[in-house]
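Line order of the protein sequences matches chains A, B and C.
Numbering-wise, the first sequence is residues 94 to 442 according to my numbering.
Numbering-wise, the second sequence is residues 94 to 442 according to my numbering.
Numbering-wise, the third sequence is residues 94 to 442 according to my numbering.
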Amino acid sequence: MKTSAGNFFEDFRLGQRIYHATPRTVTSGDQALYAALFGSRFAVQSSAAFAQAVGYAEWPIDDLLAFHIVFGKTVPDISLNAVANLGYADGRFLKPVCVGDTVSTVSEVIGLKENSSRKTGVVYVRSTGVNQHAETVIDYVRWVMVNKRDPESTAPDPVVPDLPESVPSAGLGAACPEISTVDWNDDLAGSRHRFEDYEAGECIDHVDGMTVEEAEHMLATRLYQNTSRVHFNQLSEGKGRFGRRLIYGGHAISLARALSFNGLANAFHVAAINGGRHVAPLFAGGTVFAWSEVLATAEVPGRRDVGALRLLTRATRDCPCGDFPRQAATPEGPGVILEFDYWALMPRR
Amino acid sequence: MKTSAGNFFEDFRLGQRIYHATPRTVTSGDQALYAALFGSRFAVQSSAAFAQAVGYAEWPIDDLLAFHIVFGKTVPDISLNAVANLGYADGRFLKPVCVGDTVSTVSEVIGLKENSSRKTGVVYVRSTGVNQHAETVIDYVRWVMVNKRDPESTAPDPVVPDLPESVPSAGLGAACPEISTVDWNDDLAGSRHRFEDYEAGECIDHVDGMTVEEAEHMLATRLYQNTSRVHFNQLSEGKGRFGRRLIYGGHAISLARALSFNGLANAFHVAAINGGRHVAPLFAGGTVFAWSEVLATAEVPGRRDVGALRLLTRATRDCPCGDFPRQAATPEGPGVILEFDYWALMPRR
Amino acid sequence: MKTSAGNFFEDFRLGQRIYHATPRTVTSGDQALYAALFGSRFAVQSSAAFAQAVGYAEWPIDDLLAFHIVFGKTVPDISLNAVANLGYADGRFLKPVCVGDTVSTVSEVIGLKENSSRKTGVVYVRSTGVNQHAETVIDYVRWVMVNKRDPESTAPDPVVPDLPESVPSAGLGAACPEISTVDWNDDLAGSRHRFEDYEAGECIDHVDGMTVEEAEHMLATRLYQNTSRVHFNQLSEGKGRFGRRLIYGGHAISLARALSFNGLANAFHVAAINGGRHVAPLFAGGTVFAWSEVLATAEVPGRRDVGALRLLTRATRDCPCGDFPRQAATPEGPGVILEFDYWALMPRR
């Protein structure tokens, strides 16, 4: 059989390493498409001149674009038969990704647990994005519920990895050079608010809403070489649970992050992903809004230039965020679709 | 308050300079997206080899792409609360913009006039696009009607700037190197008609029509980092005046310019914008056609290589232009949506 | 008359050479858009590092992207008044096309034959894509049925060129450097199956389906500067035979090729096009599937590194390919829309 139907629960074993196809060279075309798809306005990723003025040796691409490229490669091997994408944890951004870099992804199976129904099991993988110099650029854990090929087959002893509730602040600056805070131009960056101006408990409505079209999420998802059929095949999805294509969860993450510029313009770098939950589906025609709660502020050990904000960004569908909604959307009704818990870096005064 | 709700009439003062976020490095990805969105075929902007053969030191991006990038940055500060975009004038293209250039925009308030209703006022700004060498690349005036925060607040004494009816031909060649007319290959450029073949009063139907999709205008408008909510938020626009998203006026300008290749293939450079009026809205699903009237032909002082055509290009919605329509469209019915008065350069014999 | 209404049958003469507008410099933006539009995953075209590791001096763009760019230029001169695109033959890929190359196209009329109705005629052209060094990169024959301006006009004596049923295997490697088969990493490439694993008669279902949106096919077709109005103008097409825009046939070819990765991941290079027939139309909203039949396997004379597979790839609309369907689609019903007969190269063991 030359075509792949994806892996089932029985195909995974603890400690297994999976070298994913296809390596991908990042180009300035990827940057432009990402800009056109999300309208992100963070200065470091929008301007090579700004990035170099504040201390970057090379102009980095958007952190989430790099994440989606690393993630996309894992889909054909890990989640083609996934029933549900259950969560992320311990996502770390370790080196900037720049135009010309070639990224590939390796995953290691770090946990396996059959469900009580015996029809499915949970697979935990740590996926590592590597550049052409064999340096790790991004590293994260994800767990998915995968169908068993045969409910009667024997499952291995359950192993559930120990995962941190959040990434410790000590390692947050790895992908960020020393930032010259005096060369950071607040006018150009879009905000006078720096690290010291934010405090735990603060809630920020990002105001704007963005409606999503089928062509847009498919362009994005193909750009990352994510092949999950639920995003692309209306003939099969039209007969499925929702009657239509389901948008890649990462699309909502990128929209929420781009919208968060209004209120968090100086939060220039996604340093770590503590967790993410897609609490309701997003479909074309839906309008995405977002608001963020500052869960914590933290110094980054050894760094006087930047501080870290732990943010819980909620994206909603068809629900403006002026009153900071927390209720999950139903498939048809408005509400929260995403809870994304991450660390962002921001220049200090 | 960390989020911006945009400026109101009271927030502007005469002589005020506004340094807009976000600087933007132009990439070849922007060129390709612009090509994919509009299908422009002018040889200088499509081919580095052609541009260099006729005399460009570097391959320039499309003039209107540069304009949209310069313009987009002004939206969050100038027109987020605009009731209407009233006009443009005195737009000059002063230096080519090339891949790798970083563009930022500064605006100066040059006029303020409260309307008689006292609910709104007109703000005039001169916006200047600047590259990484602090050289002005584009410079134009625009005026918008902006809401007052409080109708009772006192307005400053009215100042209305003196604006030229058209840009004088003396300054038209600033962004255009000396063109080698013998190296200009008419076959490759797509037309044997040069400057001497056009005359004032001539009308040219550009024949082709292009239907616009929601995904397309949003991709374009985000690419320019234009954040005006009327283009993106179906949830709010669905309840608004038109029941749907309004397409960025510059999208119609770029479509009309791309369509104008059929009849004006050698009009390779937009040298100045004399004025522009969006006389009716454009929505997704509409099919755009265009025709141009040659308002004047002019020598460019000191230049033997190129001449200038002053063109009034009208774009229509759902209305082929074989009979040169001048009637404005209604919101639902066919007709003219745009009158765009500009100077284009064309090689001489 | 400064606008072009395209050529009619009477405008062509045997031996005529047509130098098409517009030369086009290929950028990394084109690569990224092609990736976003089709989701292709072949390693050589996705990764500069992979391409260089296996022997390419420079990173080539996707072969079909190069083909579409070469093809697009011919439309305004050859097929603007075409009633039907009848076929392709003898398509050869002779040099890789890389970022920075400028491509232009020349066509020679090699056959003319009036139809018995006297209203139309068939025009045969050999079109040649040339790079900035005047090297031929792609060369193919196509024939189209074109309207006569006047049914009464006298037609030239019929000449029908002699066309090969398939491109001989001797010339297949021209655009492919010597491949280091030991440096070919099957994990990264996505398949352990090499040339020796395929045999004539084998049928491969490519499994996945991809739904097409209006914005997508128009972005692609404009990227190639293909101006055929049937793809873009809903106002006129809405009144036409199908009531909607017809998708460029090459869009289905690229979708089928991208889908064929699942089963043919190591078929990295399109070396020749033997023929192609668009047996039914594709419209937005349709879901494209594909399957391939190995028509033949062949050694490439003088090459130990790669072998050639002659593939007949059929694309379908709204019709999964598990049972290898051969029935053409009707305008509304499911079935085959494309039969694409080509040679692909694959590394040997």
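C-beta atoms are modelled at their ideal positions from N, C-alpha and C, and glycine is treated no differently.
Bear in mind the structure is a predicted one, so any value in this text is a computation, not a measurement.
Of all the options the options, which has the alpha carbon lying nearest to the alpha carbon of residue i?
i: A/Ile162; options: A/Arg315, A/Phe288 and A/Ala141; result: A/Arg315
i: B/Asn178; options: B/Ser273, B/Phe433 and B/Trp236; result: B/Trp236
i: A/Val239; options: A/Cys296, A/Lys206, A/Glu271 and A/Leu438; result: A/Lys206
i: C/Ala421; options: C/Ala248, C/Gln145 and C/Arg370; result: C/Arg370
i: C/Thr221; options: C/Val215, C/Thr229 and C/Gly214; result: C/Thr229
i: B/Glu201; options: B/Asn367, B/Glu309, B/His113 and B/Lys95; result: B/His113
i: A/Pro189; options: A/Pro261, A/Pro251, A/Glu151 and A/Ile203; result: A/Glu151
i: A/Pro413; options: A/Phe102, A/Pro427, A/Ala377 and A/Pro261; result: A/Pro427
i: C/Val387; options: C/Cys296, C/Gly395 and C/Ile231; result: C/Cys296
i: C/Phe105; options: C/Asp301, C/Met311, C/Phe382 and C/Val252; result: C/Val252
i: A/Gln318; options: A/Ala141, A/Lys332, A/Arg419 and A/Asp170; result: A/Asp170
i: C/Thr443; options: B/Asp301, B/Asp280 and B/Gln327; result: The question about residue 443 of chain C has no answer here: the residues shown for chain C are numbered 94 through 442.
i: B/Ile346; options: B/Gly204, B/Ser133, B/Ile203 and B/Leu107; result: B/Ser133
i: C/Thr304; options: C/Pro153, C/Val192 and C/Leu348; result: C/Leu348
i: A/His286; options: A/Ala263, A/Leu438, A/Leu328 and A/Phe325; result: A/Leu438
Alpha carbon to alpha carbon, how far is residue j from residue i? Give it in angstroms, no decimals.
i: C/Val218; j: B/Ile111; result: 58 Å
i: A/Arg117; j: C/Leu431; result: 29 Å
i: A/Gly266; j: B/Ser197; result: 28 Å
i: A/Val323; j: C/Ser209; result: 50 Å
i: A/Tyr291; j: A/Ser259; result: 19 Å
i: A/Leu357; j: A/Ala98; result: 42 Å
i: C/Phe131; j: A/Glu245; result: 39 Å
i: C/Pro374; j: C/Phe160; result: 20 Å
i: B/Tyr149; j: A/Arg338; result: 47 Å
i: C/Tyr127; j: B/Gly283; result: 26 Å
i: A/Glu309; j: B/Ala248; result: 44 Å
i: C/Ala293; j: C/Phe433; result: 16 Å
i: B/Glu307; j: A/Glu306; result: 7 Å
i: A/Thr115; j: C/His299; result: 17 Å
i: C/Leu157; j: C/Leu173; result: 22 Å
i: C/Val372; j: C/Phe135; result: 27 Å
i: B/Asn367; j: B/Gly342; result: 16 Å
i: A/Ala313; j: B/Gly395; result: 49 Å
i: B/Ser321; j: C/Phe164; result: 38 Å
i: B/Pro440; j: A/Trp436; result: 56 Å
i: C/Asp279; j: C/Asp411; result: 32 Å
i: A/Ala146; j: A/Leu281; result: 12 Å
i: B/Ala268; j: B/Ala364; result: 7 Å
i: C/Val192; j: A/Val119; result: 13 Å
What do you get for residue i, buried or exposed, if any count of 16 or more other CB atoms within 10 angstroms of its CB means buried?
i: B/Asp155; result: buried
i: C/Thr138; result: The amino acid occupying residue 138 of chain C in the given sequence is Gln; Thr does not appear at that position. The residue in question, C/Gln138, is buried, as its Cβ has 16 or more Cβ neighbours within 10 Å.
i: C/His226; result: exposed
i: B/Lys166; result: buried
i: A/Phe417; result: exposed
i: B/Glu425; result: exposed
i: C/Gly379; result: buried
i: C/Asp276; result: exposed
i: B/Lys241; result: buried
i: B/Asp255; result: exposed
i: A/Glu271; result: exposed
i: B/Arg185; result: buried
i: B/Glu330; result: buried
i: A/Thr213; result: buried
i: C/Pro261; result: exposed
i: B/Pro153; result: buried
Quick one: any contact between the segment 347-357 of chain B and the segment 402-411 of chain B, if contact means 3 or more CB pairs under 8 Å?
The segment 347-357 of chain B vs the segment 402-411 of chain B: in contact.
What are the uninterrupted segments assigned as alpha helix (DSSP H) that are 4 or more residues long and contained completely in the segment 270-333 of chain C, given in chain order? Uninterrupted alpha helix (DSSP H) stretches at least 4 residues long and entirely within the segment 270-333 of chain C occur at 279-282, 307-316 and 327-330, given in chain order.
Uninterrupted beta strand (DSSP E) stretches inside the segment 193-227 of chain B (no shorter than 3 residues):
The segment 193-227 of chain B contains, as complete beta strand (DSSP E) runs of 3+ residues, the segments 195-207 and 213-223 (chain order).
Could you tell me which uninterrupted alpha helix (DSSP H) segments, each at least 4 residues in length, are contained entirely in the segment 344-428 of chain B, listed from first to last along the chain? Whole alpha helix (DSSP H) segments, 4+ residues: 354-357.
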